[in-house]
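Asks:
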Amino acid sequence: MGDHEHYADDVGAYLLRALPELDAQAFRRHLVDCSECRDELEHLRPAAEALPRSVEPFVPPPSLKRSLMEVVKAEARERGGVEAVGRRRLFSRSRLAIVTARVAFAGAVAVLVVGAAIGFGLDRATRGGEARRTIAAHVDRSMLSRGSARLEVPGAGRSATLVVRDLPPPPAGKVYEVWIERAGRVRPAGALFDVGRDGRGAAAIPGGVRGASAVLVTREPSRGSLRPTERASIRIPV
Amino acid sequence: MDLVADGDPRAFEAVYDRHGGAAFSLAYRMVGDRTIAEDVAQEAFLSIWRSRLRYQRERGSVRSWVLGIVHHRGIDALRRNLVHERRRASAEGIEERQEAPERTELEVARRDEARTVREAIETLPDQQGRVIDLAYFGGFTHTEIAEMLSMPLGTVKGRMRLGLEKLRNTLGPEVA
Numbered sequence: 001m002g003d004h005e006h007y008a009d010d011v012g013a014y015l016l017r018a019l020p021e022l023d024a025q026a027f028r029r030h031l032v033d034c035s036e037c038r039d040e041l042e043h044l045r046p047a048a049e050a051l052p053r054s055v056e057p058f059v060p061p062p063s064l065k066r067s068l069m070e071v072v073k074a075e076a077r078e079r080g081g082v083e084a085v086g087r088r089r090l091f092s093r094s095r096l097a098i099v100t101a102r103v104a105f106a107g108a109v110a111v112l113v114v115g116a117a118i119g120f121g122l123d124r125a126t127r128g129g130e131a132r133r134t135i136a137a138h139v140d141r142s143m144l145s146r147g148s149a150r151l152e153v154p155g156a157g158r159s160a161t162l163v164v165r166d167l168p169p170p171p172a173g174k175v176y177e178v179w180i181e182r183a184g185r186v187r188p189a190g191a192l193f194d195v196g197r198d199g200r201g202a203a204a205i206p207g208g209v210r211g212a213s214a215v216l217v218t219r220e221p222s223r224g225s226l227r228p229t230e231r232a233s234i235r236i237p238v
Numbered sequence: 239m240d241l242v243a244d245g246d247p248r249a250f251e252a253v254y255d256r257h258g259g260a261a262f263s264l265a266y267r268m269v270g271d272r273t274i275a276e277d278v279a280q281e282a283f284l285s286i287w288r289s290r291l292r293y294q295r296e297r298g299s300v301r302s303w304v305l306g307i308v309h310h311r312g313i314d315a316l317r318r319n320l321v322h323e324r325r326r327a328s329a330e331g332i333e334e335r336q337e338a339p340e341r342t343e344l345e346v347a348r349r350d351e352a353r354t355v356r357e358a359i360e361t362l363p364d365q366q367g368r369v370i371d372l373a374y375f376g377g378f379t380h381t382e383i384a385e386m387l388s389m390p391l392g393t394v395k396g397r398m399r400l401g402l403e404k405l406r407n408t409l410g411p412e413v414a
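Dropping the structure here:
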């Protein structure tokens, strides 16, 4: 039995969260390589998402909002004190130069690193009306339990930018490395990055992504690698 | 949602005001106990706040995203077996239900939508509707359902898939 046939019937159970955790992880790994299952998942997803909307609405107790907002406001006050000091952060690593450029995120800090020891500033603002594409990434949950990523590609196809949020820090002694896949070959993109305490980070991709079929991210030794040493944890089809 | 991810409590409060009722209702439908439902809903919203879980517009509505997180927490609560003892002992059921009044056009629309989806679910063949209900609202795994219904595992999975397919076709553009 081929892989697809083996997993095809798991789509419904996966959407209903009826797969035991190990089976769910195996199914997610299978999804990376099976477009048929991905297509079916997206086809059936609206039906699964309709289920909670069938529930008769009930009034939540006022205590729910009260206790939630107490916690949220207290934590926001605490964060506000920390972030006022830390609006701009600098990371330093032995071969990475880090430069913070003009910050366009509301209250965000972006850290950008290029593996050739040249730092690029990150500027997320649209420049001079240039059209910008944003491509969402596929994150392999069997490798990264949380986080999201997107690729921002200026219309002129110049240096693209990978932006990540809520990513776990890489293991000690490692760094996230960006790769470009072209014509079936994977090469270093010349970009290494780390993430801040809040899981945010970014990397400019020198030379952009023209002609690329995908942008990949793996965790590599702190000086980077010439070839990926593990399966991509983030994949962005271009 | 960007403001919530950036730690703005007012934005978070707006999200709660808009979706808190549906979140609590789903949690209550799953666990059948008001106190545990409150805990489930609170855990879900705090996870949105604290982990800065990132909403991705291309994946669907904010409501679906929030309810997905609530559902996940509800499953956790059910599988931690927190609910079953209380379900047996609890007599709360009817007297604590406070159905949301239809105050606004939005609430009327949502109640209508709930009715439409329920009717669609009721058109499913019995076994398909049952496995979906046990899985989605009961938090049971396919293995547990197979055992409960004395049904082969493959049959359970097949009925889940077919049931969702039929639901998708019945609801049609309303779920797009």
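Those protein sequence lines, which keep their order, are chains A and S. Numbering of the first sequence is given in my numbering, commencing with residue 1 and proceeding in unit increments. Numbering of the second sequence is given in my numbering, commencing with residue 239 and proceeding in unit increments. We put the CB at the ideal spot given by N, CA and C, even for glycine.
Tell me whether the beta-carbon of Ala315/S lies closer than 7 Å to the beta-carbon of Val369/S.
Replies: No.
Asks: Do the segment 211-221 of chain A and the segment 166-179 of chain A make contact, defined as three or more Cβ pairs closer than 8 Å?
Replies: These segments touch.
Asks: For Lys395/S versus Asp23/A, is the C-beta distance shorter than 7 Å?
Replies: Cβ atoms of Lys395/S and Asp23/A: not closer than 7 Å.
Asks: Among Gly245/S, Tyr293/S, Glu360/S and Asp255/S, which has the Cα closest to the Cα of Arg77/A?
Replies: Closest by alpha carbon: Gly245/S.
Asks: Using DSSP with H/G/I as helix, E/B as strand and the rest coil, what is Gly211/A?
Replies: Gly211/A: coil per DSSP, three-state reduction.
Asks: Please return the same chain residues whose Cβ sits closer than 7 Å to the Cβ of Ala275/S, not counting the five positions on each side in sequence.
Replies: Closer than 7 Å at Cβ, skipping near neighbours: Phe262, Ala265, Tyr266 and Val269.
Asks: For Tyr293/S, report the span of its alpha helix (DSSP H) as first-last.
Replies: Element bounds for Tyr293/S: n/a, residue is neither H nor E.
Asks: Work out the CA separation of Glu251/S and Glu70/A for me, nearest whole Å.
Replies: So the alpha carbons of these two residues sit roughly 11 Å apart.
Asks: For Pro169/A and chain C, any beta-carbon pair shorter than 7 Å?
Replies: Absence of chain C from the displayed structure is noted, the protein chains being A and S.
Asks: How far does the beta strand (DSSP E) with Gly201/A in it extend, from its first residue to its last?
Replies: Gly201 to Ile205 is the extent of the beta strand (DSSP E) around Gly201/A.
Asks: Which two residues bound the contiguous beta strand (DSSP E) that contains Ala189/A?
Replies: From DSSP, the beta strand (DSSP E) with Ala189/A extends over Arg185 to Phe193.
Asks: Between which two residues does the alpha helix (DSSP H) containing Thr161/A stretch?
Replies: Unbroken run through Thr161/A is the beta strand (DSSP E), Ala160 to Arg165; no alpha helix (DSSP H).
Asks: By DSSP's criteria, Glu152/A is part of a beta bridge. Which residues make up the other side?
Replies: Note: Glu152/A sits in a beta bridge opposite Thr134/A and Thr161/A.
Asks: Please confirm if Lys73/A has its CB atom under 7 Å from at least one CB of chain S.
Replies: Yes, contact with chain S.
Asks: Could you compute how far the alpha carbon of Arg219/A sits from the alpha carbon of Ile307/S?
Replies: Whole-angstrom Cα-Cα distance: 28 Å.
Asks: Check whether the Cβ of Met389/S lies closer than 6 Å to any heavy atom of the ligand COA, and answer yes or no.
Replies: The ligand COA is absent from the structure shown, which contains no ligands of any kind.
Asks: Looking only at its chain, what residues have a beta carbon closer than 7 Å to the beta carbon of Arg146/A, apart from the 5 residues adjacent to it on each side?
Replies: Counting only Cβ-Cβ distances below 7 Å, and skipping sequence neighbours, we find Asp166 and Pro168.
Asks: Which two residues bound the contiguous alpha helix (DSSP H) that contains Glu230/A?
Replies: Glu230/A -> no alpha helix (DSSP H), and no H or E assigned at all.
Asks: When Cβ atoms are compared, which residues of the segment 49-77 of chain A fall closer than 8 Å to chain S?
Replies: Result list: Glu49, Ala50, Leu51, Pro52, Arg53, Ser54, Val55, Glu56, Pro57, Phe58, Val59, Pro60, Pro61, Ser63, Leu64, Lys65, Ser67, Leu68, Met69, Val71, Val72, Lys73, Glu75 and Ala76.
Asks: For Pro52/A, which option in Glu281/S, Gly259/S, Tyr293/S and Asp271/S has the closest C-alpha, if you only look at C-alpha atoms?
Replies: Among Glu281/S, Gly259/S, Tyr293/S and Asp271/S, the Cα nearest to that of Pro52/A belongs to Gly259/S.
Asks: How many Å lie between Leu64/A and Leu15/A at the Cα?
Replies: Distance between the alpha carbons of Leu64/A and Leu15/A: 28 Å.
Asks: Rounded to whole angstroms, what is the Cα-Cα separation between Glu21/A and Ser299/S?
Replies: Near 26 Å, if we compare the C-alpha coordinates of Ser299/S and Glu21/A.
Asks: Are Met143/A and Ser233/A closer than 7 Å when you measure CB to CB?
Replies: Yes.
Asks: What do you get for Pro247/S, buried or exposed, if any count of 16 or more other CB atoms within 10 angstroms of its CB means buried?
Replies: Buried, by the Cβ-count rule.
Asks: What do you reckon, are the CB atoms on Gly173/A and Ser222/A nearer than 7 Å?
Replies: Yes; because the gap between Cβ atoms is below 7 Å, this pair is in contact.
Asks: Can you confirm whether Val355/S, when its beta carbon is compared against all beta carbons of chain A, has any partner nearer than 7 Å?
Replies: It does: the Cβ of Val355/S has a partner Cβ on chain A nearer than 7 Å.
Asks: Using 8 Å as the cut-off, can you tell me whether the segment 25-38 of chain A makes contact with the segment 383-392 of chain S, which would need three or more C-beta pairs spanning the two stretches below that distance?
Replies: Result no; under three Cβ-Cβ pairs closer than 8 Å.
Asks: Could you check whether the Cβ of Met396/S sits closer than 7 Å to any Cβ belonging to chain A?
Replies: First, the residue type needs correcting, since residue 396/S is Gly and not Met in the sequence shown. Yes, because at least one Cβ of chain A sits closer than 7 Å to the Cβ of Gly396/S.
Asks: Kindly give me the distance between the Cβ atoms of Arg150/A and Val163/A, rounded to whole angstroms, as I take these residues to be in contact under 8 Å.
Replies: That belief holds up - the Cβ atoms of Arg150/A and Val163/A are roughly 5 Å apart, short of 8 Å.
Asks: Relative to the alpha-carbon of His310/S, which residue among Gly184/A, Val209/A and Ala18/A has its alpha-carbon at the smallest distance?
Replies: Considering only alpha carbons, the answer is Ala18/A.
Asks: Going by C-alpha distance, which of Thr408/S, Trp303/S, Glu403/S and Arg353/S is nearest Asp39/A?
Replies: The candidate whose alpha carbon is nearest that of Asp39/A is Glu403/S.
Asks: CA-CA distance, Ala202/A and Arg133/A?
Replies: So the two alpha carbons sit approximately 16 Å from each other.
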